[in-house]
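Residues 1 to 251 in UniProt numbering are what the sequence shown lists, from first letter to last.
Just below is one structure, and these are the notes that go with it.
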Amino acid sequence: MRLTVTQLAQRIGAELVGDGSAALIAVGAVEAAGESTITFITDAKHIPKLEKSCAGAVIVAGRIEGLAKPQLIVKNVDAALIEALSIFAPKLKAIAEGVDRTAKIGQDVKIAKAVAIGPGVVIDDGVEVGKNTVIGGGCKIGQNSKLGKNCRLDSNVVVYHNCTIGNNVVIQANTTIGSTGFGYSLIEGSYRLVPHNGGVVIEDFVDIGANCCVDRAKFGNTVIGAGTKIDNLVQIAHNVVIGKCCLIAGQ
1 MRLTVTQLAQ RIGAELVGDG SAALIAVGAV EAAGESTITF ITDAKHIPKL EKSCAGAVIV
61 AGRIEGLAKP QLIVKNVDAA LIEALSIFAP KLKAIAEGVD RTAKIGQDVK IAKAVAIGPG
121 VVIDDGVEVG KNTVIGGGCK IGQNSKLGKN CRLDSNVVVY HNCTIGNNVV IQANTTIGST
181 GFGYSLIEGS YRLVPHNGGV VIEDFVDIGA NCCVDRAKFG NTVIGAGTKI DNLVQIAHNV
241 VIGKCCLIAG Q
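Shown next as structure tokens:
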């Protein structure tokens, strides 16, 4: 994507101060930005860095007097940065709509319109997949699990049986949903695995990073509340209930 400063200002709803004719192709940090890069600052303490920066323009929350660089003034720098990064994101080839010829689909599977199922995917019996959902290569969806609308499962995600995933959920590569939890009882001198007969419920607008594990419940459900965002390498144990709009970071 290539936009002039003026065009970018219009796209992100910014007030432009300065010359808007320069071309921009990327977003970058203040210290590393080049002439065709737009940068940003969220704190006035970084203004001295701007004066030395080669950036073609800057996104700011308020006008900086005496700065020769074009300024895109916005109410919320973080929100504007998200828009700019989305505009300049690499345009990658998407998984084609439909079911790849190498995928294996079980019986009584319900697949809605505009679903994309990548190479090597295995979908077991009784699964439901909602409209506009994308399932990346190598994923496995277990029996009777349900995926909502507008979801994205990246490569090699495993969803075990009897799990429910809501709408607009993103699960990044190599994450496992619904595996047996670490539940053992000491009986007559040896540890016995307690059966985990429950499931997992992931509500709407949840993001789960790469290489995470969300264990199924012994009974009932392990629950991740709507709007929650989970970092990479996070373990959610059996029967945990996480509320809405939580942030969980890896350690």
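Yeah, the Cβ is synthetic: ideal placement off N, Cα and C, and Gly gets one too.
Quick caveat, the model's predicted, so the values are computed rather than measured.
- Excluding residues up to 5 positions away in sequence, 22, 23, 24, 25, 26 and 56 lie with their Cβ nearer than 8 Å to the Cβ of residue 36 in the same chain.
- Runs of the beta strand (DSSP E) lying entirely within the region 24-58, each at least 3 residues long, are 37-40 in chain order.
- The criterion of a C-beta distance shorter than 8 Å is satisfied by residue 153 and residue 139.
- Contact check for residue 83 and residue 110: beta-carbon distance about 36 Å, past the 8 Å limit, so the pair fails to qualify.
- DSSP, read as helix, strand or coil, puts residue 85 in helix.
- Residue 202 carries a strand assignment under DSSP once its states are collapsed to helix, strand and coil.
- Approximately 7 Å separates the beta-carbon atoms of residue 137 and residue 121; this is inside 8 Å, confirming the contact.
- As the crow flies, the alpha-carbon of residue 51 is around 26 Å from that of residue 1.
- Collapsing the DSSP output to three states places residue 240 in coil.
- For residue 11, the enclosing alpha helix (DSSP H) stretches over residues 5-12.
- Taking residue 231 as the centre and dropping the five residues before and after it, the same chain places the C-beta of 209, 248, 249 and 250 closer than 7 Å to its C-beta, in chain order.
- By the Cβ rule, the region 182-194 does not count as touching the region 142-151, because fewer than three pairs are nearer than 8 Å.
- The Cβ atoms of residue 146 and residue 177 lie no closer than 8 Å to each other.
- In the structure shown, the three-state DSSP call for residue 78 is helix.
- For the pair residue 144 and residue 195, the Cα-to-Cα distance works out to about 18 Å.
- Here residue 72 is buried. Its C-beta has 16 or more other C-beta atoms within 10 Å.
- Taking C-beta separations shorter than 6 Å and ignoring five residues to either side along the sequence, the partners of residue 234 in its chain run 212, 248 and 250, following chain order.
- Nearest in C-alpha terms to residue 206, of all of 182, 191, 174 and 244, is 244.
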